[in-house]
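Reading through the structure tokens given below for one structure.
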Amino acid sequence: MKISYLENYEALSKKAAELVKDEVLKKSNLLFCAATGNSPTGMYAEMAKSKALFQNMTVVKMDEWGIIPLDHPDSCESYLKKHLLEPLEITENRYITFVTTSHLIEEECERMENFIQHHGPMDICILGLGKNGHIAFNEPSEFLQPGFHKAILAESTIQHDPELSKGSEPAYGLCLGMQGIMQSKKIIFLITGKGKQDAIQQILERQISTQCPASFLWMHPNVECLIDMSSLSA
Ligand SMILES: O=C(O)[C@H](O)[C@@H](O)[C@H](O)[C@H](O)COP(=O)(O)O
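The following block contains the structure:
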């Protein structure tokens, strides 16, 4: 994992967008797996300034909350539409998505896993760091899951949106598994935001543990980890 320290969020966003631009110039039809959340928002805005470069890129949604519908303003779907698909003019046929409705979970996980097996691996996978060390919704646990799966969300993850706890079953999400992440050709790992010092420290200790799924990124040969220095003390 190559670690770069950036002065602030803006610098991190610019650097991350530059890294993607370098890749799209080498291969225009990138398969781009997109995280949501605060970490990549600035990076996507930077990419939108050069949207002509991304005419052939296919975007894959990395994860989605259960319980809330896709058209809910807090869904990953709504986020991607607003921050990535519309600004970059990614057409419907270049966007791979899924629903999280309870009776379709198994089917959707299988469909996404098949997509990855047939069209993958991802050329670029964008990851953010959860406060508890999660990547996508791969939460700290005794075991991690390789495939696209339903994940029961940790308490710190649910705090993102109280609506997620409204259903009759534990709050869940669907997400790309550890194998899909680890097989990506390049990973851009964005570390920014408050309350992440413990997770950052665990990563920097270079000890690989299922209790910090992000620590597995040390085993990947091509990870650009960008750390916003303000998150080291926030
Ligand atoms: O939101 C997602 O798509 C990811 O599943 C999630 O892993 C996220 O990257 C982290 O929780 C960090 O979230 P922030 O970027 O909002 O800090």
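To get my numbering, take the position in the sequence shown, counting from 1, and add 726. Yeah, the Cβ is synthetic: ideal placement off N, Cα and C, and Gly gets one too.
- Taking Met-945 as reference, the option from Glu-881, Cys-938, Met-908 with the minimal CA-CA separation is Met-908.
- Between Asn-858 and Ala-925, the C-beta spacing is below 8 Å.
- Taking a C-beta distance under 8 Å as the contact criterion, Phe-841 and Leu-900 do not qualify as a contact pair.
- Thr-784 and Arg-820 do touch by the CB rule: their CB atoms are close to 5 Å apart, below 8 Å.
- Nearest to Cys-851 by alpha-carbon distance, out of Tyr-735, Gln-927, Asp-789, is Asp-789.
- Ser-754 and Thr-817 have their C-alpha atoms spaced approximately 15 Å apart.
- By a beta-carbon distance limit of 8 Å, Pro-896 does not contact Ala-880. Their separation comes to about 10 Å.
- With contacts defined by Cβ atoms closer than 8 Å, Glu-803 and Met-955 do not form a contacting pair.
- By the Cβ neighbour-count rule, Phe-780 is buried, with 16 or more other Cβ atoms within 10 Å of its own.
- Not one heavy atom of ligand 1 is found less than 7 Å from the C-beta of Leu-900.
- Taking a cut-off of 6 Å from the heavy atoms of ligand 1, the residues with a C-beta inside it are Ala-761, Thr-762, Gly-763, Asn-764, Ser-765, Met-788, Asp-789, Cys-802, Gly-854, Leu-855, Gly-856, His-860, Ile-861, Ala-862, Phe-863, Gly-919.
- Its chain contains Lys-741, Glu-950, Cys-951, Leu-952, Ile-953 as the residues whose beta carbon lies nearer than 8 Å to that of Ser-730, once the 5 sequence neighbours on both sides are disregarded; these appear in chain order.
- No Cβ-Cβ contact shorter than 8 Å links Thr-826 with Glu-868.
- The DSSP-derived three-state label of Asp-924 is helix.
- Taking Ala-760 as reference, the option from Ile-822, Lys-920, Glu-931 with the minimal CA-CA separation is Ile-822.
- Your pair Ser-765 and Gly-854 checks out as a contact, with CB atoms roughly 3 Å apart and the cut at 8 Å.
- DSSP, read as helix, strand or coil, puts Gly-768 in helix.
- Under the DSSP assignment, Cys-802 falls in the alpha helix (DSSP H) whose first and last residues are 802–806.
- Look at Ile-884 here: in three-state DSSP terms it is helix.
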